[in-house]
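Mapping to my numbering: the sequence shown position 414 is 536, numbers consecutive. A short write-up of the structure that comes next.
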Amino acid sequence: MTERVLAGVPASPGIAFGRVRLLDAAGEVDRTVLDESDRPDAATRALDALAQSARELEELAVKLRAEGRTDEADILDAGTMMAEDPVLLEAVEQAVLTRGLSAASAILVEVESAATQLDMIGDPELAARAADVRSLARRASRLASGHRDHARRTTSGDAILVAADLGPADVIELDGDVRGIALAVGGVTGHAAIVARGLGLPMVVGLGDDVLTLNDGEPVIVDADRKMLIASPDGERIDAVREKIAAARDAHTRAMAGRSLPTVTRDGRAVRVLANAATPAEVRAALEAGADGVGLLRTELAFLEAKHWPTVAEHRRTLEPMLAQLRGLTATVRLLDFGGDKTPPFLKGVHGRGVELLLEDLEALESQLEAILETGEATELRVLIPMVTEPGQVRAVRATIEPIAARRGSRVPLVAAMVEVPAAAVMADRLAPEVGMFSIGTNDLTSFQLGIDRTRPGGSPAHHPAVLRLIAATVDAAHAAGIPVEVCGEAASSPLVMPLLVGLAVDELSVGAAAVAQVRAWVRALDFVGATTIARRALDAESAAEVELLARSLRALLDDAG
Ligand code: PEP
Ligand code: MG
């Protein structure tokens with residue numbers, strides 16, 4: 123077989139190699155009408171299958187709670203409730219008794235109808251629930267048709283689970299030999315993605331139906347870091363990936379062992395390491411890995427399917443489980459960054475991005491601020507403004523926050539600006555007096571500065587001198603005004619770019635939860651003065667390739683650190 127590459131969307135970071143294990147599909151709806159005489163038995167089988175599913179989900183939830191995984195257990199409770207819902211039970215029973223559907227088909231049809239209704243309400247939380255409900259349908263219909271096994275076990279050894287979509291229970295019940303997940307559809311913020319991140323399983327979603335044509339047992343690489351799946355990789359590539367996986371495992375073990383050591387360079391410069399998060403599971407994983415708090419809480423990911431601006435209650439519901447974990451710690455909550463590839467249905471056709479959109483709808487901004495101030499009360503709260511291009515936008519947000527804080531009797535939080543559009547970096551000296559901190563978003567900054575697509579395989583070269591100059595200008599303007607600078611784009615956890623950021627005197631790095639322990643170890647391996655010398659030379663380089671050569675010695679220090 124020749125190598126094939128499918129592009130997707132990373133939902134849980136990392137790289138994994140194994141053989142395809144196709145998840146048993148729920149089965150097609152069979153429209154054959156049962157004989158009247160067979161219907162009562164079939165109806166009993168359908169109801170028994172739903173009851174058995176409820177019991178299985180309940181048992182799983184108990185197990186998870188015992189392990190302290192309450193978020194995941196809560197998700198399963200929703201499946202149990204649905205399996206016991208009298209309206210659903212009645213509908214399934216009637217589908218068999220009056221329409222003559224088989225037990226499995228009645229479950230599939232009626233549960234799908236409930237899931238579609240949830241989809242149509244337009245609430246992102248309920249839409250995520252729809253995936254959970256469909257997962258219940260798969261489980262119960264398999265039981266009803268006598269297939270007890272969760273997934274076909276035609277493969278043994280390291281497996282990559284391949285499916286159209288998954289519910290959280292499917293992921294939680296995975297065999298211990300599953301190393302990664304590849305889905306045809308699925309969302310980054312779906313519950314399956316949350317659970318996969320919690321388990322540290324690399325996962326790529328949105329691979330399209332092509333992924334379902336892979337053969338059971340076919341070797342594949344799931345590379346979430348490069349947003350792709352490689353089917354039937356050649357021997358050389360497999361060796362390289364195996365080496366990478368083994369090295370990552372060793373490095374992680376070593377880094378976790380040192381997670382409570384301070385993040386100070388060898389010559390004494392402190393660099394705070396915080397985490398990027400969008401889910402409670404990520405916050406928990408980040409804190410376990412020693413993060414100093416959250417440096418970027420992406421709030422828009424929970425609302426990508428929204429049909430209207432989120433209400434105060436909706437914001438509160440998504441923020442509370444994350445901010446409750448951050449009592450006394452830094453919580454940098456970014457205002458909704460809608461627009462571009464993060465445009466929910468209700469904003470389709472609308473132009474603009476981030477703060478620009480919020481300022482066009484002050485009520486939407488007020489709702490979010492109200493919820494942030496309320497749920498973040500016990501944290502070291504920082505409100506981060508996305509896609510800032512001019513100082514007036516910061517003043518407008520501050521003018522909105524102040525009366526809300528006064529009315530609530532809350533402290534006015536620190537207000538920070540994202541520097542992710544070249545305009546903000548160029549205007550950093552004018553922006554700095556208006557804010558308490560800058561957060562550099564290298565993902566967008568690199569893409570806008572170099573005119574390249576940020577989603578292209580291989581990532582964006584934030585080490586290009588044109589990008590490094592913007593970062594240096596931002597840091598210089600911030601420090602002249604006496605405010606700190608964090609970097610929260612992917613570059614903050616890149617072994618090539620991170621040492622240059624430290625050398626340019628960035629104060630804080632905010633990285634994915636899974637990278638926290640590693641980046642903390644890297645800070646301790648660096649020498650600030652040495653990194654500064656090389657970073658300053660990189661500003662005079664002509665190309666990203668030249669910077670790569672210059673930064674080699676710094677990267678070697680990180681490699682030695684693990
Ligand atoms: C960035 O642009 O680097 C950033 C952190 O924001 P996001 O990735 O959410 O656009
Ligand atoms: Mg951005």
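Beta carbons are placed, not taken as given, at the ideal position from N, Cα and C, and that holds for glycine. Keep in mind that this is a model prediction, so the values were computed, not measured.
**Message:** Does D459 pass the burial test, meaning 16 or more other C-beta atoms within 10 Å, or should it be called exposed?
**Reply:** By one-based count along the sequence shown, residue 459 stands at place 337. The C-beta of D459 has 16 or more other C-beta atoms within 10 Å across all chains shown, which makes the residue buried.
**Request:** Output the distance between the C-alpha atoms of E125 and T335, rounded to the nearest integer angstrom.
**Result:** Position 3 of the sequence shown, counted from the start, is the residue given in the question as residue 125. Position 213 of the sequence shown, counted from the start, is the residue given in the question as residue 335. Distance between E125 and T335, taken at the CA atoms: about 14 Å.
**Message:** For a test of the three-state rule: what should DSSP assign to P513, helix, strand or coil?
**Reply:** The residue you call residue 513 lines up with position 391 of the sequence shown. Three-state result, P513: helix.
**Request:** Would you check if the segment 663-672 and the segment 396-410 touch, i.e. whether three or more CB-CB distances between them fall below 8 Å?
**Result:** No, they do not touch.
**Prompt:** When DSSP builds the beta bridges, which residues end up paired with E608?
**Reply:** As a first step, residue 608 is located in the sequence shown; it is residue number 486 there, counting from the start. DSSP lists S561 and E630 as the bridge partner or partners of E608.
**Request:** Compute the distance between the beta-carbons of L351 and L329, then report whether it is under 8 Å.
**Result:** On the sequence shown, position 229 is the one that residue 351 refers to. On the sequence shown, position 207 is the one that residue 329 refers to. Yes, Cβ-Cβ distance for L351 and L329 is below 8 Å.
**Prompt:** Who are the near neighbours of D566 in its chain, counting only those whose CB is closer than 6 Å to its CB and skipping five residues on each side?
**Reply:** What you label residue 566 is simply residue 444 of the sequence shown in a count that begins at 1. Cβ within range, chain order: E542.
**Cβ pair A306, A281 closer than 8 Å** = Position 184 of the sequence shown holds residue 306. Position 159 of the sequence shown holds residue 281. The criterion of a C-beta distance shorter than 8 Å is not satisfied by A306 and A281.
**Item:** Whole-number beta carbon distance between I526 and E115, since they are thought to touch under 8 Å
**Value:** Residue numbering for the chain in the displayed model covers 123 to 684; residue 115 lies beyond these limits and cannot be assessed.
**Asked** Which stretch, first to last residue, makes up the beta strand (DSSP E) that contains D345?
**Response** On the sequence shown, residue 345 is found 223 positions in, with the first residue counted as 1. First-last of the beta strand (DSSP E) with D345: P341 to D345.
**Message:** So, at 8 Å on beta carbons, what are the nonlocal neighbours of V386 in its own chain, with the 5 sequence-adjacent residues on each side left out?
**Reply:** Counting from one through the sequence shown, the residue named residue 386 turns up at place 264. Close CB contacts of V386 within its chain, under the 8 Å cut and outside five residues either way in sequence, are with A392, V393, V645 and R646 (chain order).
**Asked** Does the count of Cβ pairs from the segment 338-353 and the segment 156-166 closer than 8 Å reach three?
**Response** no
**Message:** I'd like to confirm the pairing. Which residues does DSSP put opposite M540 in its beta bridges?
**Reply:** Translated into positions along the sequence shown, residue 540 becomes position 418. S561, per the DSSP bridge assignment.
**Request:** Express the C-alpha separation of I243 and R381 in angstroms, rounding to a whole number.
**Result:** What you label residue 381 is simply residue 259 of the sequence shown in a count that begins at 1. What you label residue 243 is simply residue 121 of the sequence shown in a count that begins at 1. Cα to Cα, the separation comes out at about 44 Å.
**Request:** Just the C-alpha distance for T401 and R552, rounded to the nearest angstrom, thanks.
**Result:** On the sequence shown, residue 401 is found 279 positions in, with the first residue counted as 1. On the sequence shown, residue 552 is found 430 positions in, with the first residue counted as 1. Computed Cα separation, rounded: 34 Å.
**Message:** Given a cut-off of 8 Å on the beta-carbon distance, is the pair L596 and A538 in contact?
**Reply:** Sequence index remark: in the sequence shown, residue 596 carries index 474 (1-based). Sequence index remark: in the sequence shown, residue 538 carries index 416 (1-based). Note that residue 596 is Thr in the sequence shown, not Leu. Not a contact, by the Cβ cut-off of 8 Å.
**Item:** Of the listed residues A637, A603, Q640 and F650, nearest to D623 (C-alpha basis)
**Value:** Mapped onto the sequence shown, residue 623 falls at position 501. Going by the sequence as given, residue 623 is Leu instead of Asp. Checking every option, the nearest Cα to that of L623 belongs to F650.
**Message:** Let me make sure I understand the geometry here. Which of M540, E496 and G498 has the alpha-carbon closest to that of P513?
**Reply:** Position 391 of the sequence shown, counted from the first residue, corresponds to residue 513. Considering only alpha carbons, the answer is M540.
**Message:** One question on the structure: do M325 and S615 come within less than 8 Å of each other, judged by their Cβ atoms?
**Reply:** What you label residue 325 is simply residue 203 of the sequence shown in a count that begins at 1. What you label residue 615 is simply residue 493 of the sequence shown in a count that begins at 1. Cβ atoms of M325 and S615: not closer than 8 Å.
**Prompt:** Is G417 closer than 8 Å to L448 when the C-beta atoms are compared?
**Reply:** Stepping through the sequence shown from its first residue, residue 448 is reached at position 326. Stepping through the sequence shown from its first residue, residue 417 is reached at position 295. For L448 and G417, no; Cβs fall outside 8 Å.
**Asked** Does the distance from the C-beta atom of L672 to that of I656 stay below 8 Å?
**Response** As a first step, residue 672 must be located in the sequence shown, where it is residue number 550. As a first step, residue 656 must be located in the sequence shown, where it is residue number 534. Against a cut-off of 8 Å, the Cβ pair of I656 and L672 comes out as a contact.
**Prompt:** Measuring from the CB of T564, is there a heavy atom of the ligand MN at a distance below 7 Å?
**Reply:** Among the ligands in the structure shown, the ligand MN does not appear; only the ligand PEP and the ligand MG can be found there.
**Message:** Can you tell me whether H374 is buried or exposed? The criterion is at least 16 other CB atoms within 10 Å of its CB, across all chains shown.
**Reply:** Numbered from its first residue, the sequence shown carries residue 374 at position 252. By the neighbour-count rule (16 or more Cβ atoms within 10 Å), H374 is buried.
**Reference L590; option with closest CA among D163, L648 and D662** = Mapped onto the sequence shown, residue 590 falls at position 468. The candidate whose alpha carbon is nearest that of L590 is D662.
**Message:** In whole angstroms, give me the CA-to-CA distance for P508 and I593.
**Reply:** Start at 1 with the first residue of the sequence shown, and residue 508 comes out as number 386. Start at 1 with the first residue of the sequence shown, and residue 593 comes out as number 471. Going from the Cα of P508 to the Cα of I593 covers about 17 Å.
**Prompt:** Cβ atoms of A226 and A266: under 8 Å apart, would you say?
**Reply:** For the purposes of this step, residue 266 is taken as the residue at position 144 of the sequence shown. For the purposes of this step, residue 226 is taken as the residue at position 104 of the sequence shown. Taking 8 Å as the Cβ cut-off, A266 and A226 qualify as a contacting pair.
**Prompt:** Going straight from the alpha carbon of E485 to that of A435, what length do you get?
**Reply:** On the sequence shown, position 363 is the one that residue 485 refers to. On the sequence shown, position 313 is the one that residue 435 refers to. Taking the straight line from one Cα to the other gives about 14 Å.
**Nearest neighbour of G604, chosen from D682, V628, L618 and P587 [CA to CA]** = Counting from 1 along the sequence shown, the entry for residue 604 is found at position 482. If we check each option's Cα against that of G604, V628 comes out closest.
**Message:** I'd like the span of the beta strand (DSSP E) that includes L211, first residue to last.
**Reply:** On the sequence shown, position 89 is the one that residue 211 refers to. Under the DSSP assignment, L211 falls outside any beta strand (DSSP E), being part of the alpha helix (DSSP H) whose first and last residues are P208 to L219.
**Request:** With DSSP collapsed to three states, give me the class of R348.
**Result:** To locate residue 348, count along the sequence shown from 1; it is residue 226. R348: coil per DSSP, three-state reduction.
**Request:** Pull up the DSSP beta-bridge partners for S134, would you.
**Result:** One-based indexing of the sequence shown puts residue 134 at position 12. Paired residue(s): M325.
**Asked** Thinking C-beta only, is L198 closer than 8 Å to L182?
**Response** Counting from one through the sequence shown, the residue named residue 182 turns up at place 60. Counting from one through the sequence shown, the residue named residue 198 turns up at place 76. Yes, they are a contact pair.
**Prompt:** Once you ignore the five residues that flank R520 on each side, which residues in its own chain have a CB closer than 7 Å to its CB?
**Reply:** Reading the sequence shown from its first residue, position 398 is the one you call residue 520. Exclusion of the five residues before and after R520 leaves V537 as the residues of its chain whose Cβ lies within less than 7 Å of its Cβ.
**Message:** For V516 and V557, I'd like the C-alpha separation in whole angstroms.
**Reply:** By 1-based counting over the sequence shown, the position of residue 516 is 394. By 1-based counting over the sequence shown, the position of residue 557 is 435. In a straight line, the C-alpha of V516 is about 7 Å away from that of V557.
**Rounded Cβ spacing between R141 and E340 (contact assumed at less than 8 Å)** = Looking up residue 141 in the sequence shown gives position 19. Looking up residue 340 in the sequence shown gives position 218. The Cβ separation is near 7 Å, so the contact holds.
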